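The opening position of the sequence shown corresponds to residue 3 in this note's numbering, with each subsequent residue numbered one higher.
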Amino acid sequence: MNFPTISHPVEALILAKIAPAVIERARQVRVMVFDVDGVLTDGCLWYGEHGELMKRFNALDGHGLRLLRESGITVALITGREGPILARRAAELGIALVQQGVRDKSQAVTALAREQGCSLSEVGYMGDDIIDLPALQRVGFAASVPNAPAYISQLAHWISTKPGGSGAARECCDVILAAQGRLGAFLNPGAMLMSGAIQ
C-alpha cells in the first residue's frame, strides 16, 4: 500500500514521541476495531430509576472515527455488552460493522479480517480489559488506554494519554492518520467543512 509522505507539521508533532516500529504498525492499518465500554466511553454504566441504561460518548472520538472512514480505513465496533445505545451511536457515525454480545473477540477480529480481505497485521484493535486481551495479541496494531490494567497496557503497542471516553479513541485515530500521512489533508478550512457532520 502506498501512503502519502508525512510532511504536515501536525503529523510530525503527533509522531515525534512514538517509536518508529509503532509508527510502522499504525501505517499498515486498513481495519481499525474499537471496544466500546472503557474505550469509547468512560466505562461507567448509568441506570435511571426505571432501569434504563445510559452511556456517555465523546464528540472528539466520534469525529476521529469519521476521519478514519473518510480516509478509507474500515472502522468496526466490537463489544461484550448488548443494547440499543451503541446501535444508535454507530448509526450517527455511519459505522455499519457493529458486533454486540461478543465473548470471543479474537475470533470476531479474525473473521472480520477475512471478510475485509486483509491480514491480521493490517488490523488494529483498541481495548482495555481481559476480554480484549486475545484480540490485542493477534492484531498488527494493539492500542489501549492509560486506565487499563497493567497486564493489558504492557502488551499494547501504543497507549493513549487520555482515558477512555475522554478523547482516547480520537488520539488513536490521529496517530493512525498521521502515520499514514493522511491527517494533513483534513487540516485546511475546506476539508474541515466537509467533515463537519454529526460527531
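We treat Cβ as the ideally placed atom computed from N, Cα and C, and that holds for glycine. Note that this is a predicted model, so its numbers are computed, not measured.
Exercise. Excluding sequence positions up to five away, which residues of its chain have a Cβ less than 6 Å from the Cβ of residue 178?
Worked result: 28 and 31
For this session: Output the boundary residues of the beta strand (DSSP E) element that contains residue 99.
Result: 99-101
Problem set entry | Cut-off 8 Å between Cβ atoms - residues of its own chain near residue 83, not counting five sequence neighbours on either side | 38, 39, 102 and 103
Exercise. Smallest Cα separation from residue 65: which of 23, 112, 176 and 182?
Worked result: 176
Problem set entry | Close beta carbons around residue 170, own chain, < 6 Å, minus the five adjacent residues each side | 147, 162 and 164
Problem set entry | Cβ-Cβ distance between residue 128 and residue 70 below 7 Å | no
Problem set entry | residue 79 - partner residues in DSSP beta bridges | 36 and 100
Problem set entry | Inter-residue CB distance, residue 1 and residue 88 (contact presumed, cutoff 8 Å) | For the chain, the structure presents residues 3 to 201; residue 1 sits outside this window and is missing.
Exercise. Which partner residues does residue 153 have in the DSSP bridge list?
Worked result: BP columns for residue 153 are empty, so no partner.
Problem set entry | Those runs of the beta strand (DSSP E) which lie wholly inside the region 99-187 and span at least 3 residues | 99-101, 125-128 and 143-146
Problem set entry | Residue range of the alpha helix (DSSP H) that includes residue 94 | 86-95
Exercise. Looking only at its own chain, which residues have a Cβ that is under 7 Å from the Cβ of residue 13, when we skip the five neighbours before and after it?
Worked result: 180, 183, 185 and 186
Exercise. Is the Cβ-Cβ distance between residue 2 and residue 141 less than 7 Å?
Worked result: Limits of the chain in this structure are 3 at one end and 201 at the other, which puts residue 2 out of reach.
Exercise. How about residue 158 and residue 137: do their beta carbons lie closer than 7 Å?
Worked result: no
Problem set entry | Presumed contact (8 Å Cβ cut-off) between residue 25 and residue 17, rounded CB distance | 6 Å
Exercise. Over what stretch of residues does the alpha helix (DSSP H) that includes residue 68 continue unbroken?
Worked result: 61-72
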